[in-house]
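Chains as they are written, first to last, in the working numbering: chain A, 20 to 298; chain B, 20 to 298. For each residue, glycine too, the CB sits at the ideal point set by N, CA and C.
There are 2 protein chains.
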Amino acid sequence: MPAHVFDQAITLTGQGADRFAGHTSPAYWNMVGPFGGISAAIAMNAVIQHPSLLGEPLSLTVNYASALRQGPFTVTARPARTNRATQHWVIEVFQANDTGVQETVLTASAITAVRRDTWSGSDTPMPPVPPPRDVPSQTVNVPIEWINRYELRVVTGKMPRHFDGLPRQDAPETASLTQLWMRDAPPRAIDFCSLTAFADVFYPRVCLRRPSRVPVGTVSMTVYFHASGDYLRACGDAYVLGQARGQVFHQGFFDQSAQLWSESGTLLVTSLQIVYYKE
Amino acid sequence: MPAHVFDQAITLTGQGADRFAGHTSPAYWNMVGPFGGISAAIAMNAVIQHPSLLGEPLSLTVNYASALRQGPFTVTARPARTNRATQHWVIEVFQANDTGVQETVLTASAITAVRRDTWSGSDTPMPPVPPPRDVPSQTVNVPIEWINRYELRVVTGKMPRHFDGLPRQDAPETASLTQLWMRDAPPRAIDFCSLTAFADVFYPRVCLRRPSRVPVGTVSMTVYFHASGDYLRACGDAYVLGQARGQVFHQGFFDQSAQLWSESGTLLVTSLQIVYYKE
C-alpha cells in the first residue's frame, strides 16, 4: 500500500550528525509556499525520527522565516540538552537560494518528555457541538491545494461569503471564533505530526473578524501536546474538534489561541500563533 | 542614581560575535534557580542589545533546559534570518557545570519586526476589575526572594490559604483563573523586558486548581507583544493587569494561557506556557 499523502509530504531521510533531507510536496501547497502546518509537521518529524529521541513531544515552536520554494531542503535537529525525563531540541530548516547559498527558512524548538501518571484535570471542556457526521463538509472554491487534503466540517465561524472589509460588530469575544471538525483526507490515524498540522488549518482570524481579502502569513506557532502516543493511537482516524479565536489584531499582526479535542472530548493540543496581515 | 534592581539583573556585556556575558541576581532568586521571568527577560534583552537588531520584539519563546546556579553565564543571540520587516533570532544560554564544561541551560527564539499602522481591534477586552489602588497589595510569607521584587494586587484567584490536596470543584472554566494588578517594586517604567517577566509572575495554576504543595517548574513560555515601544513608554510605571488560566493538567504538565493589559485597558501581551508538576 503506498504511503498516505501526508506521510509522503513529511518524509525525511537521515543524513547523520543531526541532519535530514526532505522535499516540498505540491499536495500541500499554499499560495506562495507550503501550508505552514506541513512545515511545522516536518520540524516535529525530524525530532521524532532522531536516533537520540527521549520520550514523546511536549511542545513545539516554529518560526516561519521565509516561504520555501518547491524543491529539496535540509533539516537540522540537535538535542541541546538531555535531562533525566526531558530533552530540549533546536531545529532549523535550510534551502538553497537563487545563487545556491543555503539560507535559513524556518527555525524551531521542541521539548520531548517521558510522562508519568499524576493527578489530571481539564479546565477547558469540549464545547457543545453536533457530532461530525451531522455537520456538512465544507466545499471551498479557492485555488489553495492543501485545503483539499483535509475534511473540514465547520460548526461556527465559516469563511465569510461576502468580503466587504467592515469589522464584524458581534460580541467581541466570539467575533473571531471558529469551531470545526477535521480529519485528514483520505482519513489517516492521528499522531503528533498530524496534530501539529491540524493546529494550523484555521482560516485567518483577521479575514473572519473583518471580512476583507488581505495577504496574511503565520510568523510563529507554538503547539503543546497533552496526550500520550498510546492515547492518540487508540483514537485511530476519528475526527478532531478544533477551536480558534483571535485575541488581538494590532499594527499588522494578530494572534490566534486554539484548542484541539479528540472526538470523545479529551483536550489533545493547546496552541498560540501570531500572524502577519497587511492593511 | 543607581540602576533599578531589574536592570541590574538583566545587564549583559557585549563580547562581540553574537555573545554576551551576564551574572545571576540573588534579588530574583526562586527555589533552586532564578525566577523564570528574569531568565526570559535576559534572553529578550540579548536581542534588544544586539547591534544588528531590526524593529521591536514581536514574539519570544523560552525553553528552560536546566536551573541556573548563582554565578556568571554566557548568552548567544544570532540573527538567523533578516527580512525586509522581520528578523528571526536563535538564542542560547550557557553556564559552566561542576567540571567547568559549558552546558546549555536555556534555549530561546525571538522574532522582531518593524510594525506599520493597519486596521486594529481587540477581541479580548480587559475584564471588569476594581482599580489597582482599591485592591490590597498581597503580603506573602514564603521564602522566595523574587516575589519581593513585585507589587501584586490580586483581584481573583489568590494563593490558597489551606493546602488540602483536593481538586477545586468550582466551575471548570474559572477554577484556575487569577486576575491581578502588578508593578515592579520599586516602580519602574514598563518595557519589553519587564513585560516578559510579568508574563511569568502567576502562582502555579496547579496549586490553585488542586491546593497541594507540589514541586513545579516552567518548561517553556511563549510571549507575544501587541504594543509598540512608544506606547509602552507612554504608560510609564502605571500598573499592568494580568490574567492567567490553566486549560489542562495532564500527566505531569499543565499549560497556562495569560494576558497582560495596560492600566488603561490596552492588551499588551498574550502568552502561553507549559509547566511541569509532580504527583
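So residue i contacts chain A; which residues on that side make the cut at Cβ distance below 9 Å?
i: N160 of chain B; result: Result: empty, since nearest Cβ-Cβ is about 26 Å, beyond 9 Å.
i: H181 of chain B; result: Simply none; closest approach about 17 Å.
i: L77 of chain B; result: V238, S239, F272 and I293
i: L227 of chain B; result: Residues of chain A passing the Cβ test: none, with the nearest at roughly 10 Å.
i: E111 of chain B; result: A99 and V109
i: A194 of chain B; result: G140 and D142
i: N102 of chain B; result: A84 and S85
DSSP state of residue i, grouped into three classes?
i: D136 of chain B; result: coil
i: P76 of chain B; result: strand
i: N116 of chain B; result: coil
i: G284 of chain B; result: coil
i: S85 of chain B; result: coil
i: G52 of chain A; result: coil
i: G22 of chain B; result: A small fix is needed here, since residue 22 of chain B is Ala in this sequence, not Gly. Reduced to three states, the DSSP call for A22 of chain B is coil.
i: S58 of chain B; result: helix
i: Q68 of chain B; result: helix
i: A96 of chain B; result: strand
i: A104 of chain A; result: coil
i: Q34 of chain B; result: coil
i: I29 of chain A; result: coil
Which residues in chain A sit within 8 Å of residue i, going by Cβ to Cβ distance?
i: G236 of chain B; result: Correct list: empty, because the minimum Cβ distance to chain A is about 10 Å.
i: Q188 of chain B; result: Neighbours of Q188 of chain B on chain A: none; closest Cβ ~10 Å, over 8 Å.
i: W280 of chain B; result: What W280 of chain B touches in chain A: nothing, since even the nearest Cβ is about 10 Å away.
i: P150 of chain B; result: Ordered by position in chain A, no residue passes the 8 Å Cβ test against P150 of chain B, which lies about 22 Å from the chain.
When burial is assigned at 16 or more other CB atoms within 10 Å of the CB, is residue i buried or exposed?
i: F185 of chain B; result: A small fix is needed here, since residue 185 of chain B is Leu in this sequence, not Phe. By the neighbour-count rule (16 or more Cβ atoms within 10 Å), L185 of chain B is not buried but exposed.
i: M201 of chain B; result: buried
i: A277 of chain B; result: buried
i: T193 of chain B; result: exposed
i: F25 of chain A; result: buried
i: Q114 of chain A; result: buried
i: P147 of chain B; result: exposed
i: S71 of chain A; result: exposed
i: Q27 of chain A; result: exposed
i: A62 of chain A; result: buried
i: N82 of chain B; result: buried
i: Q188 of chain B; result: exposed
i: M240 of chain B; result: buried
i: N64 of chain B; result: buried
i: A253 of chain A; result: exposed
i: P223 of chain A; result: buried
Strictly below 8 Å CB to CB, what residues from chain B border residue i?
i: H107 of chain A; result: N82, A84, T123 and T126
i: P147 of chain A; result: The premise fails here: P147 of chain A is roughly 13 Å from chain B at the closest Cβ pair, so nothing lies under 8 Å.
List, in chain order, every chain A residue whose beta-carbon is nearer than 7 Å to that of residue i.
i: Q157 of chain B; result: What Q157 of chain B touches in chain A: nothing, since even the nearest Cβ is about 23 Å away.
i: I130 of chain B; result: N82, V238 and S239
Using a Cβ cut-off of 9 Å, pull out every chain B residue sitting near residue i, in sequence order please.
i: T289 of chain A; result: Q266, V267, D274, S276, L291 and I293
i: L260 of chain A; result: Near L260 of chain A there are no residues of chain B at all, since even the closest Cβ is about 14 Å away, more than 9 Å.
How would you list, in chain order, the residues of chain B whose beta-carbon sits under 7 Å from the beta-carbon of residue i?
i: Y222 of chain A; result: Those within 7 Å of Y222 of chain A in chain B number zero; the least Cβ separation is about 15 Å.
Alpha helix (DSSP H) segments (min. 4 residues) lying fully within the segment 223-281 of chain B: 224-228 and 248-254
Contiguous alpha helix (DSSP H) assignments of at least 4 residues, all confined to the segment 135-221 of chain A: 211-217
Validate contact between the segment 280-295 of chain B and the segment 264-275 of chain A using beta carbons, cut 8 Å, 3 pairs: yes
Segment contact flag, the segment 151-166 of chain B with the segment 128-141 of chain B, C-beta cutoff 8 Å, min 3 pairs: no
Touch test, the segment 200-220 of chain B against the segment 31-45 of chain B, Cβ-Cβ under 8 Å, three pairs minimum: no
Stretch-stretch touch, CB-based, cutoff 8 Å, three pairs: the segment 247-263 of chain B with the segment 157-174 of chain A: no
The segment 217-229 of chain A touching the segment 51-59 of chain B, judged by at least three CB pairs closer than 8 Å: no
Any 3 or more C-beta pairs closer than 8 Å across the segment 108-128 of chain A and the segment 116-130 of chain B: yes
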